[in-house]
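All remarks here apply to the structure that follows.
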Amino acid sequence: MAHVDAVVTGAGGFIGGHLTAALLAEGRTVRAVDRKPHQEWYQLHPGAQNLVRDLSLRESCQEVMAGGAGEVYHLAADMGGMGFIESNKAACMLSVLSSTHMLLAARDHGADRYFYSSSACVYAADKQTEAAVLPLREEDAYPALPEDGYGWEKLFSERMARHFLEDYGIATRTARYHNVYGPYGTWDGGREKAPAAACRKVATAVLTGADAIEIWGDGEQTRSFTYIDDCTTGTLRLTRSAVTEPLNIGSDQLVTVNQLYGLVEEIAGVRLEHRHIPGPLGVRGRNSDNTRITKELDWAPSIPLLTGLEQTYRWVYDQVRARRDGRPHQR
Ligand code: NAD
1 MAHVDAVVTG AGGFIGGHLT AALLAEGRTV RAVDRKPHQE WYQLHPGAQN
51 LVRDLSLRES CQEVMAGGAG EVYHLAADMG GMGFIESNKA ACMLSVLSST
101 HMLLAARDHG ADRYFYSSSA CVYAADKQTE AAVLPLREED AYPALPEDGY
151 GWEKLFSERM ARHFLEDYGI ATRTARYHNV YGPYGTWDGG REKAPAAACR
201 KVATAVLTGA DAIEIWGDGE QTRSFTYIDD CTTGTLRLTR SAVTEPLNIG
251 SDQLVTVNQL YGLVEEIAGV RLEHRHIPGP LGVRGRNSDN TRITKELDWA
301 PSIPLLTGLE QTYRWVYDQV RARRDGRPHQ R
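Residue numbers (our numbering): 1 to 331.
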């Protein structure tokens, strides 16, 4: 294969689709790779070379890196919201195969920069037991007590990226994403995260005339949610920076899950009864400390939750309506 400016793995997924768009908009040549068939990609950009490959296989990673690449963005992973990762720990840990084989292929074929998408799930659970949580600083990842399954794989793979930098000189960069949301992402099926689930439930209520929705737990657990445009901007800035330690890429606007639903209802122009039911909850509180990213990149995520949710709700509403009308997934 020919040399490209950028290889994006997981490009048929949510963040990978947006990142591919951002790279194409810069005029870069992009090889976009995902194991899903093209019709299931959230975005299929005609300007990119779109390949369907399973990157858990070493030979697929070697193939997509043949010819070398300026930048590699490794986003492919088996992942989802709490409902998925709490009951699919082995599948989440198997993402270590693509993380390992992509790093080896980057080493073998040469990549100027290698970006790894880690997660706030690497942070020690005992620092996230209160709703009024102290924002998580990068050093809070150790002593290690990450989210079981998914978080351990992320912590291992980010550490492996660090040692590939030290031992093989590959310029690796690592972000710990905090709850990224936006259009063109998973909104149903069990892998969706809280903002997309909230948009789907409210849109469904609007379209069916229901007056109540179900929420897992008491809704007083806290989180911060990062809009996709901040995520792609931060990813490009970090990859091209000199920062070799993992950095949080996350909003620091802390809200309860009840407040998140309240904002979506405000956008939809409805007020719904909340029925609190048992469900997987994750940690009690989580927020991003943005001191280090502000210092290192002179930038931090800043898009208000209401602004991002307006875009997300509009897109999810269209998906729910299209499904109701028997029309296929909208691009
Ligand atoms: P996503 O599920 O929408 O996209 C991931 C894509 O990777 C999927 O399209 C999937 O088919 C693909 N994939 C999985 N295994 C593969 C394999 N073996 N070979 C090829 N493709 C494979 O998820 P996303 O939200 O876009 O997340 C992208 C990355 O960011 C993931 O590594 C995820 O763990 C990380 N992350 C995301 C968030 C978030 O809030 N979305 C938070 C923290 C970290």
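Every residue gets a Cβ at the ideal spot worked out from N, C-alpha and C, and that includes glycine.
Assigned exposure category for Q43 - 16 Cβ within 10 Å defines buried: Here residue 43 is taken as the residue at index 43 of the sequence shown, counted from 1. Looking at its Cβ environment, which holds 16 or more other Cβ atoms inside 10 Å, Q43 is buried.
In this structure, does DSSP put A171 in helix, strand or coil? Within the sequence shown, residue 171 is the residue found at index 171, counting from 1. Note: A171 maps to coil in three-state DSSP.
Rounded C-alpha distance that separates N248 from L136: Position 248 of the sequence shown, counted from the start, is the residue given in the question as residue 248. Position 136 of the sequence shown, counted from the start, is the residue given in the question as residue 136. So the two alpha carbons sit approximately 9 Å from each other.
Limits of the unbroken alpha helix (DSSP H) element including E310: The residue you call residue 310 lines up with position 310 of the sequence shown. Its alpha helix (DSSP H) spans residues L305 to R324.
Which residues in the same chain have their Cβ closer than 6 Å to the Cβ of Y261, if we skip the five residues on either side of it in sequence? Residue 261 sits at position 261 when you count from the first residue of the sequence shown. Once the five neighbours on either side are set aside, the close Cβ partners of Y261 are A198.
Per-residue burial, P246 [other beta carbons within 10 Å of its own, 16 or more giving buried]: In the sequence shown, counting from the first residue as 1, residue 246 sits at position 246. That one is buried.
Is the distance from the Cβ of G70 to the Cβ of H109 below 7 Å? In the sequence shown, counting from the first residue as 1, residue 70 sits at position 70. In the sequence shown, counting from the first residue as 1, residue 109 sits at position 109. No, the pair does not count as a contact, with Cβ atoms beyond the cut-off.
Roughly how many angstroms separate the alpha carbons of Q221 and A131, rounded to a whole number? Here residue 221 refers to the residue found at position 221 when the sequence shown is read from its first residue. Here residue 131 refers to the residue found at position 131 when the sequence shown is read from its first residue. Taking the straight line from one Cα to the other gives about 5 Å.
Assuming E335 and L272 form a contact by the criterion Cβ under 8 Å, report the distance between their Cβ atoms to the nearest whole angstrom. Given that the chain is displayed from residue 1 to residue 331, the structure contains no residue 335 and the question cannot be resolved.
Own chain residues within Cβ distance below 6 Å of D188, not counting five before or after: Within the sequence shown, numbered from 1, the residue matching residue 188 stands at position 188. The residues are R200.
Got a sec? Which residues, its chain only, sit under 8 Å from R31 by beta carbon, not counting five neighbours each side? For this step, residue 31 is matched to residue 31 along the sequence shown. The answer, listed in chain order, is M1, V4, A6, V7, V8, A48, Q49, L51, V64 and A69.
Would you decide whether Y168 is buried or exposed? Buried here means 16 or more other CB atoms lie within 10 Å of its CB. Your numbering for residue 168 matches position 168 in the sequence shown. By the neighbour-count rule (16 or more Cβ atoms within 10 Å), Y168 is not buried but exposed.
Give me the Cα-Cα distance between Y150 and A322, rounded to the nearest whole angstrom. On the sequence shown, residue 150 is found 150 positions in, with the first residue counted as 1. On the sequence shown, residue 322 is found 322 positions in, with the first residue counted as 1. Spanning the two alpha carbons is a distance of roughly 32 Å.
Using 10 angstroms around the beta-carbon of S338, count the other beta-carbons present and answer buried if the total reaches 16, otherwise exposed. This structure gives no information on residue 338, because the portion of the chain shown stretches from 1 to 331.
Let's test the definition: count the other Cβ atoms within 10 Å of the Cβ of T129 and tell me whether it reaches 16, buried, or not, exposed. Residue mapping note: residue 129 aligns to position 129 of the sequence shown, counting from 1. Burial call: exposed.
Across the stretch 302 to 313 and the stretch 217 to 235, are there enough close Cβ pairs to call them in contact, namely three or more that are closer than 8 Å? yes
Does the Cβ of R324 have 16 or more other Cβ atoms within 10 Å, making it buried, or fewer, making it exposed? Against the sequence shown, residue 324 aligns to sequence position 324. Label assigned to R324: exposed.
Contacts around R223, its chain only, beta-carbon distance under 6 Å, and the 5 residues preceding and following it disregarded: The sequence position of residue 223 within the sequence shown is 223, counting from 1. The residues are N179 and R286.
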